[in-house]
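Chemist: Here it is: the structure, laid out below.
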Amino acid sequence: MKVIGVVGLPASGKGEFSRIAGEMGIPIVVMGDVIREAVQQEGLFVTDANLGAVANRLRREEGMDAIARRCVPRIRGCNASLVLVDGIRGDAEVSVFREEFSGFFLVGIDAPFQDRLKRLSLRGREDDFSRPEALVERDQREISWGLGRALSSADHTLFNGGTLEEFSRASRQLLMQIMEDP
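Residue 151 is where the sequence shown starts when you use my numbering, and the numbers rise one by one after that.
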């Protein structure tokens, strides 16, 4: 089984990359869904603060690779030769996926701060916000989980600072290349 992992700071374009992969028929496992489900199981509202608190607690109690380990059965459950896992947040998660899936390929998504802030204010998810300070705080939280180290270990990095069409084209080209490689 080949697994493509996607890592990037908030609103860098991970979801768009995953959407394109889905359009190409690649099954998607979203790591954030594991955290959203845990928040809901605790009877909390899905807010950035609650998502962050639950993610921190899971990592503190179960290890920095907790979310990745919870995703492995979901990935295997796709019963597909190629699966994309969206939302890697740290190097411990990358280690789990590299150990579990010999065909693991990590894609980093990089985008400018102002572009990411604008996307957050427009996309309309319940955990989004539009204040620069909130994005700095969220970036720092995710970097504390090893996101910077995960990004630096990417097998390929896409820059998402141009148009949506440019990013979509580059994403499709990369996905086709990954699909064609043995």
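Idealized CB from N, CA, C, for every residue including glycine.
Leaving out five residues before and five after residue 246 in sequence, what residues of the same chain have Cβ atoms less than 8 Å from its Cβ?
Modeler: Here residue 246 refers to the residue found at position 96 of the sequence shown. These residues qualify, in order along the chain: 215, 218, 219, 222.
Chemist: Below 7 Å CB to CB, which residues in the same chain sit around residue 244 once its five sequence neighbours on both sides are set aside?
Modeler: As a first step, residue 244 must be located in the sequence shown, where it is residue number 94. Cβ neighbours of residue 244 beyond the five flanking positions: 155, 238, 256, 300, 303.
Chemist: Near residue 305, which residues of its chain fall below 8 Å by C-beta distance, leaving aside the five closest residues on each side in sequence?
Modeler: The residue you call residue 305 lines up with position 155 of the sequence shown. Same-chain partners within the cutoff: 255, 256, 257.
Chemist: Is it true that the CB of residue 158 sits closer than 8 Å to the CB of residue 164?
Modeler: In the sequence shown, the residue the question calls residue 164 occupies position 14. In the sequence shown, the residue the question calls residue 158 occupies position 8. Going by C-beta atoms, residue 164 is nearer than 8 Å to residue 158.
Chemist: Could you work out which residue in 200, 226, 213 is closest to residue 177 when comparing CA atoms only?
Modeler: Start at 1 with the first residue of the sequence shown, and residue 177 comes out as number 27. Selected option, being the one with the closest Cα: 226.
Chemist: When the distance is taken between beta carbons, is residue 224 closer than 8 Å to residue 179?
Modeler: The sequence position of residue 179 within the sequence shown is 29, counting from 1. The sequence position of residue 224 within the sequence shown is 74, counting from 1. For residue 179 and residue 224, yes; Cβs fall inside 8 Å.
Chemist: Helix, strand or coil: which one does DSSP assign to residue 196?
Modeler: As a first step, residue 196 must be located in the sequence shown, where it is residue number 46. Three-state DSSP puts residue 196 in coil, outside helix and strand.
Chemist: Can you tell which of 236, 269, 330, 288 has its C-alpha closest to the C-alpha of residue 170?
Modeler: Counted from its first residue, the sequence shown places residue 170 at position 20. It is 236.
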